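J.: Could you have a look at this structure, given as structure tokens, before my questions?
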Amino acid sequence: MSGPDLIVTRHGAWFGGRFIPCSIGRGGITRDKREGDGATPAGTHRIVGILIRRDRDRHRALRLSGAKAIGPADLWSDDPKDPAYNHATCAPHTFGHERLFRADPLYDLILVTDWNWPGAQPGKGSAIFVHQWRKPRHPTAGCIAFARRDLIRIAKALTPHTRLIVRP
Numbered sequence: 295m296s297g298p299d300l301i302v303t304r305h306g307a308w309f310g311g312r313f314i315p316c317s318i319g320r321g322g323i324t325r326d327k328r329e330g331d332g333a334t335p336a337g338t339h340r341i342v343g344i345l346i347r348r349d350r351d352r353h354r355a356l357r358l359s360g361a362k363a364i365g366p367a368d369l370w371s372d373d374p375k376d377p378a379y380n381h382a383t384c385a386p387h388t389f390g391h392e393r394l395f396r397a398d399p400l401y402d403l404i405l406v407t408d409w410n411w412p413g414a415q416p417g418k419g420s421a422i423f424v425h426q427w428r429k430p431r432h433p434t435a436g437c438i439a440f441a442r443r444d445l446i447r448i449a450k451a452l453t454p455h456t457r458l459i460v461r462p
């Protein structure tokens, strides 16, 4: 292993030798993730992509190498019946999905995980991201969320070897 691991528990996260408060899914941490259960999946995951709202990057804080800009048509499929389940897609899209270009700042910076990706099994859970929290410790729908400054610090320190380790 080389590079810093991001270790998440129900009490918070450890990264780069520091404890960082975070939010997890309202359903806690589970080893048996199901679509819609609100739980964060336990296990060792990878960060496989970075998505950014460049129009909200006033201070150039989010200028990250390899990041993909998202716009109003960008979606993420969360419908197990969709052939594009747990993948990025674009509007218009007739299956259930989540908008990535949101009015609130939660998805201004998204770290995409490899949970149930790329070979998604329908119903095993979708859109497990690391993103900005709504407010301290406010539960998510299954994602992991941090304060904006902590999320930016984590994103800037990622390496190709960084693991996301979620412990029950």
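Using the numbering used here, read the sequence shown as starting at 295 and increasing by one per residue.
Here a beta-carbon is modelled for each residue, glycine too, at the ideal position from N, C-alpha and C.
These numbers were taken from a predicted model, which means no experiment stands behind them.
Using CA atoms only, rank isn't needed, just tell me which of Lys375, Pro377 and Ile364 is closest to Asp351.
T.: For the purposes of this step, residue 351 is taken as the residue at position 57 of the sequence shown. Taking only the C-alpha atoms, the option nearest Asp351 is Ile364.
J.: My assumption, with CB atoms under 8 Å, is that His333 sits in contact with Gly321. Please give the rounded CB distance.
T.: Counted from its first residue, the sequence shown places residue 333 at position 39. Counted from its first residue, the sequence shown places residue 321 at position 27. Before going further, note that residue 333 is Ala rather than His in the sequence given. Correct: roughly 3 Å between the Cβ atoms.
J.: Which residues in the same chain as Cys384 place their Cβ atom closer than 7 Å to its Cβ, once the five residues preceding and following it in sequence are excluded?
T.: Your numbering for residue 384 matches position 90 in the sequence shown. Hits under 7 Å: Ala367, Asp368 and Leu369.
J.: Extract the residue ranges of the beta strand (DSSP E) inside the region 315–380, only unbroken runs of 3 or more that lie entirely within it.
T.: Listed in chain order, they are 337–346 and 368–371.
J.: Taking the straight line between their C-alpha atoms, what separation do you get for Arg443 and Pro377?
T.: Mapped onto the sequence shown, residue 443 falls at position 149. Mapped onto the sequence shown, residue 377 falls at position 83. If you take the alpha carbons of Arg443 and Pro377, they lie about 36 Å apart.
J.: Take Arg325 as the anchor and find which of Thr453, Lys418 and Pro399 has the nearest alpha-carbon.
T.: Locating residue 325 in the sequence shown gives position 31, counting from the first residue. Cα-wise, what sits closest to Arg325 is Lys418.
J.: On the CB-based measure, 16 or more other CB atoms within 10 Å of its CB, does Lys327 come out buried or exposed?
T.: Numbered from 1 along the sequence shown, position 33 holds the residue referred to as residue 327. Lys327 comes out buried.
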